[in-house]
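Student:
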Ligand SMILES: Cc1cc2nc3c(=O)[nH]c(=O)nc-3n(C[C@H](O)[C@H](O)[C@H](O)COP(=O)(O)OP(=O)(O)OC[C@H]3O[C@@H](n4cnc5c(N)ncnc54)[C@H](O)[C@@H]3O)c2cc1C
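In the numbering used here, the protein residues as written are 43 to 337.
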């Protein structure tokens, strides 16, 4: 029986996909083309007791060097956008999980729809952004979310209104195995010129502050309350510290960059070193924002 019509790659090296450019091989990488295909996959994996992981754009993932034993479902081909009534305000935009935020920021700006600009420069997908409650410059995905379409581990699909969902800082609280299939965002009719200006301003700030010329996963650590992790790391004298090819960026203390040839073990060792040193100097525990998977 064919479980999926999309491509399947076996024993696939994941450093080709992760934004950190590290990670061992996955047993299988699957690119479903429809919700129906995902449904079949979830049932197949659940009945067989096979582990699986869902990913979007791989920009908040650290895959260990031993790779992932199981299947990885990549959402990138679920990329439909349905535009709501554009003569109304607000305008509802219904987006599948695989759409990249970059694409959505660009396409909503073209239509003079305001509300997505804070996502400019966040390289994730819509599904990853909902799962991570991605945010920047004082706003988070939950602030513009109207509803999310979720599939549970029994392949049952439900639409959940924003107020029925529990978001935290960089996290949507849902049971293990939940898949974000799509989201409806509430955007406002705006002025094309000022939306473009805001996006340019944000992209400019990111270029200035972030080490965008090296592979990274964005912020490695969550900001503890009242204390930006980057400043704690800088104050601890850790900027520039390296393990193998992994280095704490000189430009931003909360970015670990792959300066070439880093392994996941290098990055994990550096994470541990930073956590220990910041704890020793300040008593503050730094938690990782990046999701660590694999063996
Ligand atoms: C240069 C750079 C800058 C960044 N700046 C920011 C920033 O300003 N703010 C911010 O919040 N983040 C930032 N990030 C991190 C990252 O882009 C976000 O967390 C983004 O939302 C992750 O989306 P993704 O599709 O890449 O998720 P992935 O990395 O593919 O996955 C992240 C997690 O979400 C899960 N997941 C992904 N898609 C789904 C789905 N459809 N259903 C269920 N689970 C899913 C995965 O299993 C994993 O646990 C940055 C990253 C980089 C590299």
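The beta-carbon is built from N, C-alpha and C at its ideal position, and this holds for glycine as well. Being a predicted model, the structure only gives us computed values, none of them experimental.
#1: Going by C-alpha distance, which of 322, 306, 319 and 310 is nearest residue 60?
#2: For the alpha helix (DSSP H) holding residue 208, just list the boundary residues, first then last.
#3: Under 8 Å Cβ to Cβ from residue 335, same chain only, skipping five residues before and after it: list those, please.
#4: So what does residue 314 bridge to, in DSSP terms?
#5: To the nearest angstrom, report how far apart residue 326 and residue 314 are at their CA atoms.
#6: Could you check whether residue 191 and residue 222 sit closer than 9 Å to each other, using their CB atoms as the reference points?
#7: Could you check if residue 191 belongs to the surroundings of ligand 1, using beta carbon to heavy atom distance under 8 Å?
#8: Using CA coordinates, which residue listed in 308, 259 and 322 is at the minimum distance from residue 283?
#9: So, for residue 108: in the same chain, excluding its five sequence neighbours on each side, which residues have a beta-carbon less than 8 Å away from its beta-carbon?
#10: Would you kindly check if the distance between the Cβ of residue 169 and the Cβ of residue 139 is under 9 Å?
#11: Starting from the Cα of residue 332, find the closest Cα among 175, 273 and 132 and give me that residue.
#12: Is there at least one non-hydrogen atom of ligand 1 closer than 8 Å to the beta-carbon of residue 163?
#13: Where residue 257 and residue 71 are concerned, what is the direct C-alpha to C-alpha distance, given to the nearest angstrom?
#14: Identify every residue that forms a DSSP beta bridge with residue 182.
#15: Would you call residue 212 buried or exposed, if buried means 16 or more other Cβ atoms sit within 10 Å of its Cβ?
#16: Whose C-beta lies closer than 7 Å to the C-beta of residue 183 among residues of the same chain, with five residues either side of it excluded?
#17: Nearest by alpha-carbon distance to residue 121: which of 114, 143 and 131 is it?
#18: As a quick exercise: from 198, 181 and 235, pick the residue whose alpha carbon is nearest that of residue 219.
#19: Would you mind sorting residue 35 into buried or exposed? The rule is 16 or more other CB atoms within 10 Å of its CB.
#20: Using CA coordinates, which residue listed in 130, 125 and 129 is at the minimum distance from residue 137?
#21: Our contact map puts residue 49 next to residue 73 with C-beta atoms below 8 Å; I'd like the distance itself, whole angstroms only.
#22: Would you mind sorting residue 205 into buried or exposed? The rule is 16 or more other CB atoms within 10 Å of its CB.
#23: In the region 81 to 145, which residue ranges form an unbroken beta strand (DSSP E) of at least 3 residues, counting only runs that do not cross its ends?
#24: Compute the Euclidean distance between the alpha carbons of residue 55 and residue 99, then round it to the nearest angstrom.
#25: With residue 224 as the anchor, note down where its beta strand (DSSP E) starts and where it stops.
#26: Can you have a look at residue 57 and say buried or exposed, based on whether 16 or more other CB atoms are within 10 angstroms of its CB?
#27: Take every Cβ of the region 226 to 240, pair it with every Cβ of the region 284 to 295, and state whether three or more of those distances are shorter than 8 Å.
#28: In this structure, does DSSP put residue 196 in helix, strand or coil?
#29: From which residue to which residue does the alpha helix (DSSP H) around residue 164 run?
Tutor: Put simply:
#1: The count along the chain shown starts at 1 and reaches residue 60 at position 18. For the residues 322, 306, 319 and 310, the minimum Cα distance to residue 60 belongs to 306.
#2: Position 166 of the chain shown, counting from 1, holds the residue named residue 208. Premise fails: residue 208 lies in the beta strand (DSSP E), 208 to 210, not in any alpha helix (DSSP H).
#3: Taking the chain shown and counting its residues from 1, the one referred to as residue 335 is at position 293. Closer than 8 Å at Cβ, skipping near neighbours: 95, 103, 104, 105, 106 and 110.
#4: Your numbering for residue 314 matches position 272 in the chain shown. Residue 314 is not bridged to any residue.
#5: Sequence index remark: in the chain shown, residue 326 carries index 284 (1-based). Sequence index remark: in the chain shown, residue 314 carries index 272 (1-based). Each residue's Cα considered, the two are about 13 Å apart.
#6: Here residue 222 refers to the residue found at position 180 when the chain shown is read from its first residue. Here residue 191 refers to the residue found at position 149 when the chain shown is read from its first residue. Yes; because the gap between Cβ atoms is below 9 Å, this pair is in contact.
#7: As a working mapping, residue 191 is identified with position 149 in the chain shown. The answer is no for residue 191.
#8: As a position in the chain shown, residue 283 is number 241, starting the count at 1. It is 308 whose Cα lies nearest to the Cα of residue 283.
#9: Residue mapping note: residue 108 aligns to position 66 of the chain shown, counting from 1. Counting only Cβ-Cβ distances below 8 Å, and skipping sequence neighbours, we find 66, 336 and 337.
#10: Counted from its first residue, the chain shown places residue 139 at position 97. Counted from its first residue, the chain shown places residue 169 at position 127. Yes, they are a contact pair.
#11: Here residue 332 refers to the residue found at position 290 when the chain shown is read from its first residue. Nearest option by C-alpha distance: 175.
#12: The residue labelled residue 163 in the question sits at position 121 within the chain shown. Yes, the Cβ of residue 163 comes within 8 Å of a heavy atom of ligand 1.
#13: Reading the chain shown from its first residue, position 215 is the one you call residue 257. Reading the chain shown from its first residue, position 29 is the one you call residue 71. Their backbone Cα atoms lie some 22 Å apart in a straight line.
#14: Here residue 182 is taken as the residue at index 140 of the chain shown, counted from 1. Paired residues: 177.
#15: Taking the first residue of the chain shown as 1, we reach residue 212 at position 170. Buried, since its Cβ has 16 or more Cβ neighbours within 10 Å.
#16: The sequence position of residue 183 within the chain shown is 141, counting from 1. Non-local beta-carbon contacts of residue 183 in its own chain, meaning distances under 7 Å to residues more than five positions away in sequence, involve 171, 172, 175, 176 and 177 in chain order.
#17: Taking the first residue of the chain shown as position 1, residue 121 is located at position 79. When only C-alpha atoms are compared, the closest one is 143.
#18: For this step, residue 219 is matched to residue 177 along the chain shown. Checked all of 198, 181 and 235; the closest Cα to residue 219 is 198.
#19: Any answer about residue 35 is impossible in this case: the structure gives the chain only from 43 up to 337.
#20: As a first step, residue 137 must be located in the chain shown, where it is residue number 95. Of the candidates 130, 125 and 129, the one whose C-alpha sits nearest the C-alpha of residue 137 is 125.
#21: Counting from 1 along the chain shown, the entry for residue 49 is found at position 7. Counting from 1 along the chain shown, the entry for residue 73 is found at position 31. Right, their Cβ atoms sit about 5 Å apart.
#22: For this step, residue 205 is matched to residue 163 along the chain shown. It counts as exposed.
#23: 94 to 97, 103 to 105, 110 to 116, 123 to 125 and 133 to 138
#24: For the purposes of this step, residue 55 is taken as the residue at position 13 of the chain shown. For the purposes of this step, residue 99 is taken as the residue at position 57 of the chain shown. If I take the Cα positions, the gap works out to 15 Å.
#25: Reading the chain shown from its first residue, position 182 is the one you call residue 224. First-last of the beta strand (DSSP E) with residue 224: 221 to 231.
#26: As a first step, residue 57 is located in the chain shown; it is residue number 15 there, counting from the start. Burial call: buried.
#27: no
#28: Here residue 196 refers to the residue found at position 154 when the chain shown is read from its first residue. Residue state, collapsed to three classes: coil.
#29: Reading the chain shown from its first residue, position 122 is the one you call residue 164. Where residue 164 is concerned, there is no enclosing alpha helix (DSSP H), given that its DSSP letter is neither H nor E.
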